[in-house]
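S.K.: Okay, so the sequence shown: first residue is 18 according to my numbering, each after it adds one. Note that beta-carbon positions come from the ideal geometry of N, C-alpha and C, so glycine has one too. Let me begin by handing over the structure; questions about it come next.
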Amino acid sequence: MVEFCPECGSLLRKTISNGKTYLACRCGFKKPIIIDDKKKRKKIEEKKKALEKNLIVVNPEDKISVNLIVNRICPKCKYSKAETWQEQTRSADEPSTTFFRCLKCKNTWREY
Ligand SMILES: [Zn+2]
Ligand SMILES: [Zn+2]
């Protein structure tokens, strides 16, 4: 970014004094450079990161299953962990059916 002195029209040079950056002219004109660009970018990045975190939290795949996890060998892929739940099938006087769903391949089967 090139800036010219409003007083004399000369090219302003970047100078650092007392730890602050100025655009200074040989005529004595001086104006501080506001370097919030980096900070701004950092803030945006932080926001983005926070957003990403939130996205992971709301991802339904990451939701803790309400079903119980048990050790059951999946008949399809032989994975040893499955979630289980019970469902009342036909009529209320019949025993409920226990369902299993493989945590790996999502294969669902039932046991009576
Ligand atoms: Zn000047
Ligand atoms: Zn499986």
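Rounded C-beta distance between LYS93 and CYS122? I'm assuming under 8 angstroms.
M.R.: 6 angstroms
S.K.: By the DSSP assignment, the beta strand (DSSP E) with PHE116 in it spans what residues?
M.R.: 114-119
S.K.: Rounding to the nearest angstrom, what Cα-Cα distance links SER113 and LYS65 in this structure?
M.R.: Counting only the Cα atoms, LYS65 lies some 47 angstroms from SER113.
S.K.: Sorry if obvious, but does the Cβ on GLU24 come closer than 7 angstroms to a heavy atom of ligand 1?
M.R.: yes
S.K.: So, helix, strand or coil for ILE90, using DSSP?
M.R.: coil
S.K.: Between the C-alpha atoms of ASN84 and GLU63, what's the straight-line distance to the nearest angstrom?
M.R.: 35 angstroms
S.K.: Hey, which residues come within less than 5 angstroms of ligand 2, measuring from Cβ to any heavy atom, in chain order?
M.R.: CYS91, LYS93, CYS94, TYR96, CYS119, LYS121, CYS122, ASN124
S.K.: Quick one: complete beta strand (DSSP E) runs, 3+ long, within the region 21-49?
M.R.: 30-34, 37-41, 47-49
S.K.: Alpha carbon to alpha carbon, how far is TRP102 from ARG58? Give it in angstroms, no decimals.
M.R.: 48 angstroms
S.K.: What residues are listed by DSSP as bridge partners for LEU85?
M.R.: THR101
S.K.: Once the 5 residues before and after ASN124 are set aside, which same chain residues still bring their CB inside 8 angstroms of it?
M.R.: Closer than 8 angstroms at the Cβ level, and outside the excluded window around ASN124, lie CYS91, PRO92, LYS93, CYS94, ARG118.
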